[in-house]
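Below is one structure, written out as structure tokens, with a few remarks after it.
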Amino acid sequence: MSDSIPLPLRRWRRGSLTLGPAFVAAIAYVDPGNIAANTSAGARFGYSLLWVVVLASAVAAPMQYLSAKLGAATGQSLPSLIRERLGPVGRRAYWAQAEIVAMATDLAEVIGASVALHLLFDVPMLAAALAAGAIGMAILALRDRLGEAALEAVAATSLLIIGAAFVLGMVTAPPATVDAAKGLLPTVGGNEQVLLAAAIVGATIMPHAIYLHSGLGADHPERPHHIRSQVAKAMMLAGAVNVSMLLFGAGALAGEQDDDFGTIAGAITTRVGHGATIAFLVALLLSGLVSTAVGTAAGETIMAGLLRRRVSPYLRRVITLLPALVLITAGVSPVTGLLASQVVLSLGILAALIPLALFTSDRALMGDHVNGNVMTTFAWGAVGLVGILNAALVAVTLVQR
1 MSDSIPLPLR RWRRGSLTLG PAFVAAIAYV DPGNIAANTS AGARFGYSLL
51 WVVVLASAVA APMQYLSAKL GAATGQSLPS LIRERLGPVG RRAYWAQAEI
101 VAMATDLAEV IGASVALHLL FDVPMLAAAL AAGAIGMAIL ALRDRLGEAA
151 LEAVAATSLL IIGAAFVLGM VTAPPATVDA AKGLLPTVGG NEQVLLAAAI
201 VGATIMPHAI YLHSGLGADH PERPHHIRSQ VAKAMMLAGA VNVSMLLFGA
251 GALAGEQDDD FGTIAGAITT RVGHGATIAF LVALLLSGLV STAVGTAAGE
301 TIMAGLLRRR VSPYLRRVIT LLPALVLITA GVSPVTGLLA SQVVLSLGIL
351 AALIPLALFT SDRALMGDHV NGNVMTTFAW GAVGLVGILN AALVAVTLVQ
401 R
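Residue numbers for the sequence shown follow our numbering, so the first one is 1 and each next one is one higher.
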């Protein structure tokens with residue numbers, strides 16, 4: 001790379017051809033939507049939805065591996081490969097739904113970061129949202145100035161800090177071991193649990209991260225076993241953080257039904273202590289700020305792949321900031337907005353998973369890197385599980401009407 005890039009950053013880049021991209025994708029799995037869905041599930045239903053978090057994490061990791069492998073094996077992103085198989089109308093339709101997914105993701109990131117800034121520094125929500133947008137643009141500028149390795153370093157560092165924050169929360173409010181073990185047994189009771197389960201899946205299996213990781217994989221061709229190893233490390237860490245979120249919610253916020261983040265922060269202070277509250281809000285802030293840059297990068301991959309067009313990432317950041325500003329101005333509960341965005345994500349997962357399973361099982365496309373029988377079965381099993389959950393979500397929505 002250019003000699004203008006500082007030596008430590010060049011060393012980071014040389015040593016992280018697959019680890020860096022894996023962490024960029026993994027940070028999407030610990031965003032404010034995950035925090036809202038997992039802590040709400042723990043607070044409202046204890047450990048009963050822990051199995052959903054574990055199952056979703058177990059499904060997400062191999063799918064991220066397939067995404068990275070697809071990019072490395074073909075030299076193309078998933079959106080680019082989809083484009084080659086669709087006509088003009090199909091491309092635009094596919095791009096539209098993928099952009100809606102990306103906007104739902106950005107909505108969660110901005111709201112989460114805004115709430116954290118508001119509660120940490122007592123600034124008005126609207127000003128906090130504008131500040132979050134500005135900081136997100138600064139992270140993008142850092143990436144543009146120093147290259148993808150800068151975003152990779154920020155993502156990896158943030159993931160570790162977020163994980164440490166929730167581990168601290170679990171230490172100060174230890175989970176009930178026996179009850180947590182029971183939560184690994186699959187049970188879902190009631191419409192609200194179905195909605196929260198859908199939100200957890202939408203927050204854990206991230207369609208925009210799958211689109212993005214295929215593009216990152218195309219830029220970092222590596223042997224499949226190297227990709228598998230590095231993706232496993234990043235996703236195991238992200239999965240452990242997600243589990244710790246629900247355990248923290250069940251241990252520190254048991255019985256808390258209020259969705260307001262201010263109330264949640266107050267409850268943490270009362271039950272656990274001010275230090276745990278600060279750790280929670282710092283985790284929320286970091287997850288939102290870094291994930292905004294990842295979401296913007298995913299949007300770039302989607303548009304470039306499907307439409308062969310590009311817009312300024314800063315313009316994209318401004319456009320995707322608008323829905324969050326509207327909701328904040330309208331006084332919509334931040335957690336309600338976050339959970340709704342995760343349900344939208346759960347509905348967009350199949351549009352990413354189905355072509356991913358098809359392409360990685362195609363020997364003519366993948367060559368020696370084609371999926372084996374076990375991985376093919378797993379991929380289609382994941383598609384089936386998500387399809388069943390989406391059908392349940394639609395049924396619950398119709399019943400509630």
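Cβ coordinates follow ideal geometry from the N, Cα and C atoms, glycine included.
- For Val-290 and Ala-173, the gap between their C-alpha atoms comes out near 27 Å.
- Separation of Val-243 and Ile-162 (C-alpha to C-alpha, rounded to the nearest whole angstrom) is 13 Å.
- Collapsing the DSSP output to three states places Pro-313 in a helix.
- Of the other Cβ atoms in all chains shown, 16 or more fall within 10 Å of the Cβ of Met-235; this residue is therefore buried.
- Where Met-206 is concerned, there is no enclosing alpha helix (DSSP H), because DSSP gives it neither an H nor an E.
- Each residue's CA atom was taken as its position, placing Thr-376 and Ala-357 some 7 Å apart.
- In this structure, DSSP gives Val-188 a state outside helix and strand, which the three-state scheme calls coil.
- When secondary structure is reduced to three states using DSSP, Asn-390 falls in the helix class.
- Straight-line measurement puts the Cα of Ile-227 at about 33 Å from the Cα of Leu-315.
- Shown here, Asn-38 sits in a helix according to DSSP, grouped into three states.
- Judged by DSSP secondary structure, Leu-253 falls outside any alpha helix (DSSP H); it is assigned neither H nor E.
- Burial is judged here by how many other beta carbons sit within 10 angstroms of a residue's own beta carbon; Thr-301 has at least 16 and is buried.
- Burial check for Val-101: the Cβ neighbour count within 10 Å reaches 16 or more, so the residue is buried.
- C-alpha of Gly-249 to C-alpha of Gly-75: approximately 42 Å in a straight line.
- Boundaries of the alpha helix (DSSP H) around Ser-67: 50-74.
- For the pair of segments examined, the region 350-368 was found to touch the region 203-216: the number of CB pairs separated by less than 8 Å reaches three.
- Leu-117 and Gly-299 have their alpha carbons spaced roughly 25 Å apart.
- For Arg-271, the uninterrupted alpha helix (DSSP H) segment begins and ends at 261-271.
- Taking a contact as a CB-CB distance under 8 Å, the pair Leu-107 and Leu-285 does not count as one, their CB atoms being some 16 Å apart.
- Inclusion of Ala-26 and Leu-159 in the CB contact set at 8 Å is warranted, their separation being smaller than that value.
- Distance check between Thr-277 and each of Asp-144, Pro-62, Ala-254 and Ala-165 places Ala-165 closest, using alpha-carbon atoms only.
- Residues of the same chain with their beta carbon placed closer than 6 Å to that of Ala-141 are lacking, with the five preceding and five following residues left out of the count.
- Ser-333 sits in coil when the DSSP states are folded into three classes, being neither helix nor strand.
- For a cut-off of 8 Å, the C-beta gap from Leu-393 to Ala-293 is around 29 Å, too long to register as a contact.
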